[in-house]
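In the working numbering, the protein residues as written are 41 to 599.
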């Protein structure tokens with residue numbers, strides 16, 4: 041009896057000590073294979089720093105709520121709830137959240153007014169048709185969260201997936217993106233020290249309005265500077281440099297400054313066309329080589345933009361085209377235009393993870409060349425069914441009316457954007473003499489850095505509405521009225537280049553789909569039902585029988 045009492049005291053004492061230790065040492069275990077319930081180190085650091093200095097309070101309102109959410113949206117809501125609960129663990133009292141049902145208001149007028157208020161804040165509803173009790177029911181869902189801090193607020197779209205994927209796959213991608221999207225919004229609102237981005241726009245004939253969406257997005261997160269290359273002695277002090285769709289050759293002085301900026305560890309993004317496409321007449325355009333004085337620079341860094349144009353026979357955008365007459369009026373229809381590839385093929389990178397299709401125009405292929413110490417990672421690629429036309433070439437609109445012949449499109453996958461990482465060799469290595477004024481500060485080899493080269497300058501150009509004169513969203517296609525993933529690609533790229541260990545790491549999260557075998561569930565339905573219902577009952581009965589047998593044996597009730 042005494043021994044049992046001592047054992048009991050030891051057990052109770054151990055439990056008390058364990059609880060005391062747990063109050064001093066924080067730990068959590070995520071036993072899932074893909075660590076779906078774990079936050080990235082960068083997100084944890086972001087949340088822990090909320091209370092480090094001036095106690096920034098963050099409040100998240102989630103409008104993805106309701107009693108009759110379809111199954112997939114219910115899973116997305118649960119993923120958001122679990123993620124925010126993890127956020128609160130690391131952010132403590134500085135982060136709070138609330139789920140709001142936009143359809144909870146019974147008064148129709150007040151409910152519609154609430155919808156309008158949400159739309160004014162950039163949160164537009166998604167209409168989902170679901171089947172319930174044999175009837176089709178339309179649900180109005182707001183897959184958004186509104187993150188507020190310091191008197192400012194940012195809407196966050198929670199439903200983001202690649203066009204062409206199934207509804208289940210899109211929702212799964214949305215689950216994977218929840219941490220990144222909300223953490224990015226929090227960082228945007230609470231960032232104390234902003235990175236510096238330079239826009240080298242003096243070599244393009246386009247106006248600022250053609251880059252307005254990109255400019256506005258950059259200014260939300262970074263300090264943006266419009267660079268005057270001639271008056272700037274160097275580009276040092278910037279964290280990244282963007283060269284947007286140049287139409288004129290880059291002078292040697294500017295090229296030297298770009299090279300030395302990279303040698304100093306700066307990151308650069310080049311959105312450069314391979315060909316110059318000029319409008320000739322209503323029949324089409326004439327594409328000819330575009331000399332930008334950058335070929336040798338790219339070659340030294342490890343890539344070459346070819347003077348060609350790619351036709352994609354399997355994945356391309358639509359353009360409105362007159363295909364005949366309809367009575368006394370022209371018959372205008374949307375037809376595939378193979379010179380505008382829709383990029384559906386992405387390399388393995390945090391930049392392109394869960395990215396929507398990319399809208400491109402008149403793209404050229406990029407080849408890699410030897411560059412010691414540089415890793416070349418393809419980011420954007422065409423479909424395998426391509427045809428490459430070398431300049432000069434006449435690009436006709438009538439091509440959109442012809443059928444795709446597979447035998448013509450055997451060019452294979454072509455890469456139009458590369459990520460280059462490593463230590464780069466200067467283009468001017470062994471070129472400068474010791475008596476040159478630049479020699480004292482010259483760097484022949486770079487610090488570890490990263491560069492992105494894309495062979496489509498239009499990828500970052502937004503169109504302008506002909507009716508209103510206002511800029512359209514970057515990646516918006518007027519024909520299909522769909523906004524493609526161009527802006528997400530650019531912003532992800534900049535995040536990765538200048539803050540590789542930052543919130544962008546959250547895009548590495550992967551939630552695997554594990555669908556049931558539909559054929560087995562159909563054929564073995566009865567067996568699994570009986571097993572799931574009967575096994576727990578049998579287990580309890582068996583456990584009770586064994587327990588009774590052991591007790592009877594211990595107390596001598598069995599002969």
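Where a beta carbon is used, it is the ideal one built from N, C-alpha and C, also for glycine.
How should residue 308 be labelled, buried or exposed, when 16 other C-beta atoms within 10 angstroms of its C-beta is the threshold for buried? The count along the chain shown starts at 1 and reaches residue 308 at position 268. Buried.
Buried or exposed (CB count within 10 angstroms, at least 16 for buried), residue 553: Here residue 553 is taken as the residue at index 513 of the chain shown, counted from 1. Low per-residue confidence applies at residue 553: pLDDT is 48, beneath 50, and the placement is therefore not dependable enough to give any value.
Can you check whether the CB of residue 329 is closer than 7 Å to the CB of residue 431? The residue labelled residue 431 in the question sits at position 391 within the chain shown. The residue labelled residue 329 in the question sits at position 289 within the chain shown. Result yes, Cβ atoms of residue 431 and residue 329 sit closer than 7 Å.
Residues bridged to residue 457 by DSSP? By one-based count along the chain shown, residue 457 stands at place 417. Its beta-bridge partners are 420 and 494.
Just the Cα atoms here: how many angstroms apart are residue 434 and residue 544? In the chain shown, the residue the question calls residue 434 occupies position 394. In the chain shown, the residue the question calls residue 544 occupies position 504. Each residue's Cα considered, the two are about 42 Å apart.
Same chain only: Cβ atoms within 7 Å of residue 71, ignoring 5 sequence neighbours per side: The residue given as residue 71 occupies position 31 in the chain shown. With a pLDDT of 46 at residue 71, under the threshold of 50, the modelled position of that residue is not reliable, and no figure is offered here.
Identify which residue in 536, 214, 54 and 231 has its Cα closest to the Cα of residue 389. Within the chain shown, numbered from 1, the residue matching residue 389 stands at position 349. Comparing Cα-Cα distances from residue 389 to each of 536, 214, 54 and 231, the minimum goes to 536.
Could you check how far apart the C-beta atoms of residue 222 and residue 100 are, in whole angstroms? I think they sit under 8 Å. Numbered from its first residue, the chain shown carries residue 222 at position 182. Numbered from its first residue, the chain shown carries residue 100 at position 60. Yes, they are in contact, since the Cβ atoms of residue 222 and residue 100 sit about 7 Å apart, within 8 Å.
Simplified DSSP assignment, three categories, for residue 576: In the chain shown, the residue the question calls residue 576 occupies position 536. Residue 576: helix per DSSP, three-state reduction.
Quick one: what does DSSP say residue 411 is sitting in, helix, strand or coil? Taking the first residue of the chain shown as position 1, residue 411 is located at position 371. DSSP places residue 411 in coil when its eight states are reduced to three.
Count the CB pairs spanning the region 505-513 and the region 209-218 that are closer than 8 Å, and state whether there are at least three. no
Is residue 102 closer than 7 Å to residue 185 when the C-beta atoms are compared? As a first step, residue 185 must be located in the chain shown, where it is residue number 145. As a first step, residue 102 must be located in the chain shown, where it is residue number 62. Yes, the Cβ-Cβ distance between residue 185 and residue 102 is below 7 Å.
For residue 134, count neighbouring Cβ atoms within 10 angstroms of its own Cβ and tell me buried if that reaches 16, exposed if not. One-based indexing of the chain shown puts residue 134 at position 94. Buried is the call here.
Would you list the residues sitting across from residue 428 in a DSSP beta bridge? Taking the chain shown and counting its residues from 1, one reaches residue 428 at position 388. According to DSSP, residue 428 bridges with 350.
Report the residue from 183, 414, 148 and 132 whose alpha carbon sits nearest the alpha carbon of residue 118. Within the chain shown, numbered from 1, the residue matching residue 118 stands at position 78. The option with the nearest alpha carbon to residue 118 is 183.
Residue ranges of each beta strand (DSSP E) run of no fewer than 3 residues wholly in the region 292-327, ordered along the chain? 307-311 and 315-321
Residue range of the beta strand (DSSP E) that residue 382 falls in? In the chain shown, counting from the first residue as 1, residue 382 sits at position 342. Element bounds for residue 382: 369-383.
Whole-Å CB distance - residue 472 paired with residue 464, under 8 Å assumed: In the chain shown, counting from the first residue as 1, residue 472 sits at position 432. In the chain shown, counting from the first residue as 1, residue 464 sits at position 424. Actually they are not in contact, since the Cβ atoms of residue 472 and residue 464 sit about 17 Å apart, beyond 8 Å.
Following the continuous beta strand (DSSP E) through residue 280, name the residue where it begins and the one where it ends. If you number the chain shown from 1, residue 280 lands on position 240. Unbroken beta strand (DSSP E) run through residue 280: 280-284.
Is the beta carbon of residue 189 closer than 7 Å to that of residue 230? The count along the chain shown starts at 1 and reaches residue 230 at position 190. The count along the chain shown starts at 1 and reaches residue 189 at position 149. Yes, they are a contact pair.
Which residues does DSSP list as the beta-bridge partners of residue 124? Counting from one through the chain shown, the residue named residue 124 turns up at place 84. BP columns for residue 124 are empty, so no partner.
Using three-state DSSP, classify residue 156 as helix, strand or coil. In the chain shown, the residue the question calls residue 156 occupies position 116. Looking at residue 156 - three-state DSSP - the assignment turns out to be helix.
Cβ neighbours of residue 87 in the same chain (closer than 7 Å, five flanking residues each side left out): Counting from one through the chain shown, the residue named residue 87 turns up at place 47. Answer for residue 87: 127, 130, 131 and 135, listed in chain order.
Would you kindly work out how many angstroms separate the C-alpha atoms of residue 232 and residue 327, rounded to a whole number? Sequence index remark: in the chain shown, residue 232 carries index 192 (1-based). Sequence index remark: in the chain shown, residue 327 carries index 287 (1-based). So the two alpha carbons sit approximately 47 Å from each other.
Rounded to the nearest angstrom, what separates residue 436 and residue 250 at their Cα positions? If you number the chain shown from 1, residue 436 lands on position 396. If you number the chain shown from 1, residue 250 lands on position 210. Rounded to the nearest angstrom, the two C-alpha atoms are 25 Å apart.
Would the region 478-495 and the region 241-261 be scored as touching if the rule is three or more Cβ pairs under 8 Å? no
Residue 408 versus residue 343: straight-line alpha-carbon distance, rounded: Counting from 1 along the chain shown, the entry for residue 408 is found at position 368. Counting from 1 along the chain shown, the entry for residue 343 is found at position 303. Approximately 4 Å, taken between the alpha carbons.
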